[in-house]
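Q: Questions regarding the structure given below will be posed in turn.
Number of protein chains: 2
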Amino acid sequence: MLPDEADQAQRFEKARSAQAGALLEDYVELIDDLLGSGGEARPTDIARRLGVSHATAIKSIARLKREGLATSKLYRGVFLTPEGHDLAARVRARHRLVVDLLIAVGVPERCAELDAEGIEHHVSEAALAAFARFLEAKRK
Amino acid sequence: MLPDEADQAQRFEKARSAQAGALLEDYVELIDDLLGSGGEARPTDIARRLGVSHATAIKSIARLKREGLATSKLYRGVFLTPEGHDLAARVRARHRLVVDLLIAVGVPERCAELDAEGIEHHVSEAALAAFARFLEAKRK
DNA sequence: AATATATTGTAGCCTGTGCTACATTCTAGG
DNA sequence: CCTAGAATGTAGCACAGGCTACAATATATT
Chain Z
4 MLPDEADQAQ RFEKARSAQA GALLEDYVEL IDDLLGSGGE ARPTDIARRL
54 GVSHATAIKS IARLKREGLA TSKLYRGVFL TPEGHDLAAR VRARHRLVVD
104 LLIAVGVPER CAELDAEGIE HHVSEAALAA FARFLEAKRK
Chain R
4 MLPDEADQAQ RFEKARSAQA GALLEDYVEL IDDLLGSGGE ARPTDIARRL
54 GVSHATAIKS IARLKREGLA TSKLYRGVFL TPEGHDLAAR VRARHRLVVD
104 LLIAVGVPER CAELDAEGIE HHVSEAALAA FARFLEAKRK
């Protein structure tokens, strides 16, 4: 049984737009991690951790700046704006919740970390809330 | 605590390559659905259901053909090769499993369908197996 | 201080996936 | 049969996100 045409189109549309934001989220979270663990967020480090060339990282950082999530000056490290920091916090919380849920349903920990990286960008607020409830219930 | 640099790069790499295959999977699954429900898979229908222009759909269909997943002749509908059909079957099974798992942990059904569209492309075989075990255990 | 190395930034290319506009072909109604 | 409208296909554009190669700057070593 095929779903309604418009519904289906909307589903795919949502998945596409989620994907469009995924890159920004990954960068912001990583930068926040780097800044948080006592160091700076330097383009080369960011590039290495994301597994891309430094040129690619710099272009993406430029996009972060365009979108008001980060700042940087020539030959200085990258910093987050308040908006960027907020986004990072939300993304990190979501990431944890996704990993925890995967583990709770029996996914091996290492695998949960791997899969969560791709999954997290597509989990809605409603689903996150459900995850939290499920984990809470299970904990008792 | 930051993860190991190489591990982290590998995670992102995996997520990127999963994303690269996602579009093909969506098309193949949809085409199989259309063919399966008694009709043809026409480019215009495919485009409408995916929420993209017909030109975009046709270009993606060309890619499916390049990759040996589909066939079509000028002004005829699209068909799947055996490889395409196999992929569609795997994708559909995975989709169902993801939706069922989301529902099982308390995500509202409609939301589960929405989120699954994006999530499914990032769920590894190991995680799928865990989902199946979890659902089986819960069913009893 | 001078130079070698590492880091940062720029330029230009490719591919993928959107789009609109236009051309072609099919198909149905008159 | 022939013409109007739908469907299909093509061309060309934009943007994102990869890459390599090169240029510029900063840092470290001698």
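Taken in order, these protein sequences are the chains called Z and R. Each residue of the first sequence is one higher than the one before, starting from 4 at the first, in my numbering. Each residue of the second sequence is one higher than the one before, starting from 4 at the first, in my numbering. Glycine residues also receive a C-beta, built at the ideal position from the N, C-alpha and C atoms.
#1: Show which residues of chain R have a CB atom less than 7 Å away from the CB atom of G109 of chain Z.
#2: As a quick exercise: from Z:G71, Z:G109, Z:E8, pick the residue whose alpha carbon is nearest that of L53 of chain R.
#3: Flag D36 of chain R as yes if its beta-carbon sits less than 8 Å from any beta-carbon of chain Z, otherwise no.
#4: Does the Cβ of Y30 of chain R have 16 or more other Cβ atoms within 10 Å, making it buried, or fewer, making it exposed?
#5: Give the secondary structure of A3 of chain Z by DSSP, where H, G and I count as helix, E and B as strand, and everything else as coil.
#6: Please list the partners that D89 of chain Z has in chain R, where partner means a Cβ-to-Cβ separation under 8 Å.
#7: If we define contact as Cβ-Cβ less than 8 Å, is E116 of chain R a contact residue for chain Z?
#8: Any idea what DSSP makes of V81 of chain R, helix, strand or coil?
#9: From this set, Z:A130, Z:A119, Z:L105, Z:A135, which residue's C-alpha is nearest R14 of chain R's C-alpha?
#10: Report the three-state DSSP secondary structure of A44 of chain Z (helix, strand or coil).
#11: Anything in the stretch 4 to 17 of chain R with a Cβ closer than 9 Å to a Cβ of chain Z? List those residues in chain order, please.
#12: At least one CB of chain R closer than 8 Å to the CB of H125 of chain Z: is that the case?
#13: Excluding five sequence neighbours on each side, which residues of the same chain lie with their C-beta closer than 6 Å to the C-beta of A73 of chain Z?
#14: Taking only three categories from DSSP, how would you classify S63 of chain R?
#15: Below 7 Å between beta carbons is the criterion; list the residues of the stretch 43 to 70 of chain Z that meet it against any residue of chain R, in chain order.
#16: Roughly how many whole angstroms lie between the Cα atoms of K106 of chain Z and E16 of chain R?
#17: Determine, using beta-carbon pairs with one atom in the stretch 132 to 143 of chain Z and one in the stretch 90 to 103 of chain Z, whether at least three such pairs fall under 8 Å.
#18: Determine whether the Cβ of E32 of chain Z lies closer than 8 Å to any Cβ atom of chain R.
#19: Can you tell me the Cα-Cα spacing of E28 of chain Z and E116 of chain Z, whole angstroms?
#20: Roughly how far, in whole angstroms, is the beta-carbon of S127 of chain R from the beta-carbon of C114 of chain Z, given that I think they are within contact range, below 8 Å?
A: To lay it out plainly:
#1: Indexing the first sequence from 1 puts residue 109 of chain Z at position 106. Residues of chain R passing the Cβ test: A133, R136, F137.
#2: Translated into positions along the second sequence, residue 53 of chain R becomes position 50. The shortest Cα separation from L53 of chain R among Z:G71, Z:G109, Z:E8 belongs to Z:E8.
#3: Counting from one through the second sequence, the residue named residue 36 of chain R turns up at place 33. Closer than 8 Å: yes.
#4: In the second sequence, residue 30 of chain R corresponds to position 27, counting from 1. Buried is the call here.
#5: This structure gives no information on residue 3 of chain Z, because the portion of chain Z shown stretches from 4 to 143.
#6: Your numbering for residue 89 of chain Z matches position 86 in the first sequence. Near D89 of chain Z there are no residues of chain R at all, since even the closest Cβ is about 21 Å away, more than 8 Å.
#7: As a first step, residue 116 of chain R is located in the second sequence; it is residue number 113 there, counting from the start. Yes, its Cβ sits closer than 8 Å to a Cβ of chain Z.
#8: Here the question's residue 81 of chain R lines up with position 78 in the second sequence. Here V81 of chain R sits in strand by DSSP.
#9: Position 11 of the second sequence, counted from the first residue, corresponds to residue 14 of chain R. Minimum Cα distance to R14 of chain R is reached at Z:A119.
#10: For the purposes of this step, residue 44 of chain Z is identified with residue 41 of the first sequence, where counting begins at 1. Here A44 of chain Z sits in coil by DSSP.
#11: M4, L5, P6, E8, A9, D10, Q11, A12, Q13, R14, F15, E16, K17
#12: Working through the first sequence from its first residue, we reach residue 125 of chain Z at position 122. Interface residue, yes.
#13: Taking the first residue of the first sequence as 1, we reach residue 73 of chain Z at position 70. These residues qualify, in order along the chain: L67, V81, L83, G87.
#14: On the second sequence, position 60 is the one that residue 63 of chain R refers to. S63 of chain R falls in the helix class under three-state DSSP.
#15: R51, R52, L53, G54
#16: Translated into positions along the first sequence, residue 106 of chain Z becomes position 103. Translated into positions along the second sequence, residue 16 of chain R becomes position 13. The sequence given here places Ile at residue 106 of chain Z; Lys does not occur at that position. Straight-line Cα distance between these residues: approximately 22 Å.
#17: yes
#18: Position 29 of the first sequence, counting from 1, holds the residue named residue 32 of chain Z. Not one chain R Cβ lies under 8 Å of E32 of chain Z.
#19: Here residue 28 of chain Z is taken as the residue at index 25 of the first sequence, counted from 1. Here residue 116 of chain Z is taken as the residue at index 113 of the first sequence, counted from 1. Answer to the nearest angstrom: the Cα atoms are 16 Å apart.
#20: Here residue 127 of chain R refers to the residue found at position 124 of the second sequence. Here residue 114 of chain Z refers to the residue found at position 111 of the first sequence. The Cβ separation is near 6 Å, so the contact holds.
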